[in-house]
Amino acid sequence: FNMSRVWLARLTAKSLDRRPWQIRFDRAGGKGGQNVNKAVNTKATIRLDCDALATTQSIPEEVKEKITLDPATRFRYLTTAGDIVVQCDTHRSQPQNLEACFGKLVDEIKRCCQEKTDESVDKADKWHKM
Numbered sequence: 029f030n031m032s033r034v035w036l037a038r039l040t041a042k043s044l045d046r047r048p049w050q051i052r053f054d055r056a057g058g059k060g061g062q063n064v065n066k067a068v069n070t071k072a073t074i075r076l077d078c079d080a081l082a083t084t085q086s087i088p089e090e091v092k093e094k095i096t097l098d099p100a101t102r103f104r105y106l107t108t109a110g111d112i113v114v115q116c117d118t119h120r121s122q123p124q125n126l127e128a129c130f131g132k133l134v135d136e137i138k139r140c141c142q143e144k145t146d147e148s149v150d151k152a153d154k155w156h157k158m
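Heads up: the sequence shown runs through residues 29 to 158, numbered per the working numbering.
See below:
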């Protein structure tokens, strides 16, 4: 568990191993403006299927369990099939959207794996006593 804490502390969008991820670019929806007739594929989608997630060594086992098995965390990018899928189309370039995808993923992993503080545990106890 200590090793996964170190991994989480060092985790950034740049440091995450991208080799097991499937990366795809598509046309973003919405109003086109000046680029409406150009086939510009800027929407980025990253996918890690459930088999690749189970076998990848780049994510510690404790973190995998937390994001896939713990219903309390509600990992928002986990599909019903058990794949992790993140999309971004907010920027006008592929590299920016790709970085934003990995940034969203890292933020969500850190949110799900953060330790409850004493204050939040105390609040939960108070609610259960009511």
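The beta carbon of each residue, even a glycine, is placed where N, CA and C say it ideally should be.
Which of the three DSSP states, helix, strand or coil, is assigned to residue i?
| i | result |
| --- | --- |
| Ala72 | strand |
| Ile137 | helix |
| Leu106 | strand |
| Asp79 | helix |
| Gln124 | helix |
| Ile95 | helix |
Check whether the Cβ atoms of residue i and residue j lie closer than 8 Å to each other.
| i | j | result |
| --- | --- | --- |
| Ile51 | Ile74 | yes |
| Ser43 | Glu90 | no |
| Leu39 | Lys132 | no |
| Thr96 | Pro48 | no |
| Ala41 | Phe103 | no |
Quick check: the Cα distance between residue i and residue j, rounded to an integer number of angstroms?
| i | j | result |
| --- | --- | --- |
| Phe53 | Gln115 | 10 Å |
| Arg55 | Ala128 | 16 Å |
| Cys140 | Ala82 | 18 Å |
| Val113 | Val134 | 13 Å |
| Leu36 | Thr107 | 22 Å |
| Asn69 | Glu143 | 39 Å |
| Ala109 | Arg46 | 21 Å |
| Ala80 | Asn30 | 24 Å |
Counting C-beta neighbours from all protein chains within 10 Å, is the total for residue i 16 or more, i.e. buried, or is it exposed?
| i | result |
| --- | --- |
| Glu180 | The chain is shown only over 29 to 158; residue 180 falls outside these bounds and no answer can be derived. |
| Lys71 | buried |
| Asn125 | buried |
| Ala100 | exposed |
Output needed for residue i: all residues of its chain with C-beta closer than 7 Å, excluding positions within five of it in sequence on either side, in chain order.
| i | result |
| --- | --- |
| Asp111 | Arg75, Leu76, Asp77, Cys78 |
Mind checking whether the beta-carbon of residue i lies closer than 7 Å to any heavy atom of the ligand ATP?
| i | result |
| --- | --- |
| Glu93 | Looking at this structure, you won't find the ligand ATP or any other ligand, since it has none at all. |
Against chain C, does residue i count as a neighbour if the rule is that its beta carbon must be under 8 Å from one of theirs?
| i | result |
| --- | --- |
| Glu89 | No chain C appears in this structure, which consists of one protein chain only. |
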